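Per my numbering, the first sequence runs over residues 12 to 353.
Virtual Cβ for every residue (Gly too), placed ideally from N, Cα, C.
For clarity, every value in this text was computed on a predicted model and none was experimentally measured.
Have a look at the structure below before the remarks.
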Amino acid sequence: MSFISKQLILWHKLYGRHKLPWQQTNNPYAIWISEIMLQQTQVSTVIDYYKKFMQRFPSIESLANAEIDDVNELWSGLGYYSRARNIHTTAKIILQEYNGIFPQKFEKILEFPGIGRTTAGAICSFAYGKNYPILDGNVKRVFTRFYGIKEWSGKSKVEKELWEIADMNLPTLDIEIYNQALMDLGASVCSRGIPQCSKCPLSESCKSFLNDWTKIIPAPKPKRLIPVKEGNIIIIQNDDSILLVKRNLKQIWGGLWSLPEIESHDDLNVWLFNLLGITKYKLIDSGRCHANFSHYKYVMHYKHILFNKLNLKPIENYIWINRSNVGKIGLPAPIKKLLSTL
DNA sequence: GAAACGTGGGC
DNA sequence: TGCCCAAGTTT
12 MSFISKQLIL WHKLYGRHKL PWQQTNNPYA IWISEIMLQQ TQVSTVIDYY
62 KKFMQRFPSI ESLANAEIDD VNELWSGLGY YSRARNIHTT AKIILQEYNG
112 IFPQKFEKIL EFPGIGRTTA GAICSFAYGK NYPILDGNVK RVFTRFYGIK
162 EWSGKSKVEK ELWEIADMNL PTLDIEIYNQ ALMDLGASVC SRGIPQCSKC
212 PLSESCKSFL NDWTKIIPAP KPKRLIPVKE GNIIIIQNDD SILLVKRNLK
262 QIWGGLWSLP EIESHDDLNV WLFNLLGITK YKLIDSGRCH ANFSHYKYVM
312 HYKHILFNKL NLKPIENYIW INRSNVGKIG LPAPIKKLLS TL
């Protein structure tokens, strides 16, 4: 056993997290869902989503047989919506090709959409006790600090080095405790801001502690310019119902329901006539709505219009939903927020 | 290999 | 307010 694995396993018994909802089980389905939700998402955010999801879809079969809209609804607000599509797709694959049984082989698990090396390793170790490493943000921080790696951990060269370090430090026993301990240490003691090195079981051999490098390691991600994009959206209200459109996959908020967007608000009258046959309406309100993504800033100019027309025909990819039901459908967070203020 | 993909918390 | 980033993967 390496120094790191020996120390961490001892440390975890006293100071690790033991009562997270997905730690109460060895069910690979439960572990899998939690690991997907936890991708780029903090534990505190995930907990409620996870509980609701597992209550609604307690098994692979229930998820596979669900409508994607219902999966999206439970994912609404979590972000990275391709994750919701991918677990839905994967549940169907497991039902059809694996007889509903989650596979055990690392290589098979890795083939599923949305599962990379870290997620496959987490499932294999937590569900099956198999000796696979993980390399999430927490583990990267612990290793870069311990080994004094001063370059950004996202560089492919560094990433490769970190996977080798991860392999090298694998314990011969208690893999699930070890992997959990590594993440717990990174999330608590070896935190991003000011780490609590006095409480760290690795400090005696930690290069960053010994050299006072904890402020410069981990190195920050290189900065990129964040562009501002603008768009025009419309809140179209017919009596108490709002018109929503299904967003294209592969774009932002892919697969979710959202407010219609048009090229320019100058085209609004023509657009409304073409889609709904409307010529008269009341403009109730206009304003702005913001969404800040990690790669761009999105400013949406909205107009809120109202009319009353009975017997509207259904339109492909569009739905009318009652105002009071905006919280019950898979909407992007800023759109849900905007609609909730009506 | 860089960029796309969401949202909320911490400071 | 603004910036950084979190249990990453895909293209």
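- Scanning 153, 234, 12 and 329 for the CA closest to the CA of residue 181 turns up 12.
- Along the segment 41-77, the alpha helix (DSSP H) occurs as fully enclosed runs of 4 or more residues at 54-67 and 71-75, listed in sequence order.
- In this chain, the alpha helix (DSSP H) harbouring residue 122 covers 117-122.
- The way I'd put it, the segment 189-202 does touch the segment 142-159; three or more beta-carbon pairs between them come closer than 8 Å.
- If you draw a straight line from the Cα of residue 339 to the Cα of residue 244, it comes to about 21 Å.
- In the structure shown, residue 236 adopts coil according to DSSP, grouped into three states.
- Spatial neighbours of residue 115 in its own chain (CB-CB distance under 6 Å, excluding positions within 5 residues in sequence) are listed in chain order as 139.
- The Cβ-Cβ distance between residue 329 and residue 242 does not fall below 8 Å.
- Looking from the CA of residue 344, the closest CA among 107, 61, 18 and 92 belongs to 92.
- In this structure, residue 248 lies near residue 316, with their beta-carbon atoms less than 8 Å apart.
- The alpha-carbon separation between residue 96 and residue 285 amounts to approximately 32 Å.
- Assignment of residue 300 by DSSP, reduced to helix, strand and coil, places it in the strand class.
- In this structure, the alpha-carbon of residue 325 lies about 26 Å from that of residue 311.
- In this structure the segment 170-185 does not lie against the segment 67-77, because fewer than three pairs of beta carbons, one per stretch, are closer than 8 Å.
- In the structure shown, the three-state DSSP call for residue 97 is helix.
- Cβ neighbours of residue 233 within its own chain (closer than 8 Å, five residues either side excluded): 163.
- In this structure, the beta-carbon distance from residue 60 to residue 31 does not fall below 8 Å.
- Between residue 289 and residue 252, the alpha-carbon positions lie close to 15 Å from each other.
- Beta-bridge annotation (DSSP): residue 86 is not paired with any residue.
- Around residue 158, the same chain offers 176 and 218 as residues with beta carbons nearer than 7 Å, after the five sequence neighbours per side are excluded.
- Within the same chain, Cβ atoms closer than 6 Å to the Cβ of residue 220 are found at 208 and 214, the five residues on either side in sequence being excluded.
- In this structure, residue 231 keeps its C-beta atom at 8 Å or more from the C-beta atom of residue 113.
- DSSP places residue 285 in the helix class (H, G or I) of the three-state scheme.
- 258 is the residue among 262, 278 and 258 whose C-alpha sits nearest the C-alpha of residue 269.
- Here residue 254 carries a strand assignment [DSSP, helix/strand/coil].
- Cβ-Cβ distances below 7 Å link residue 126 to 120 in the same chain, with the five nearest sequence neighbours on each side left out; the list follows chain order.
- In the DSSP assignment, residue 318 is bridged to 249.
- In this structure, residue 341 and residue 86 form a Cβ contact; the two beta carbons are roughly 7 Å apart against a cut-off of 8 Å.
- Here the alpha carbon of residue 166 sits roughly 50 Å from the alpha carbon of residue 280.
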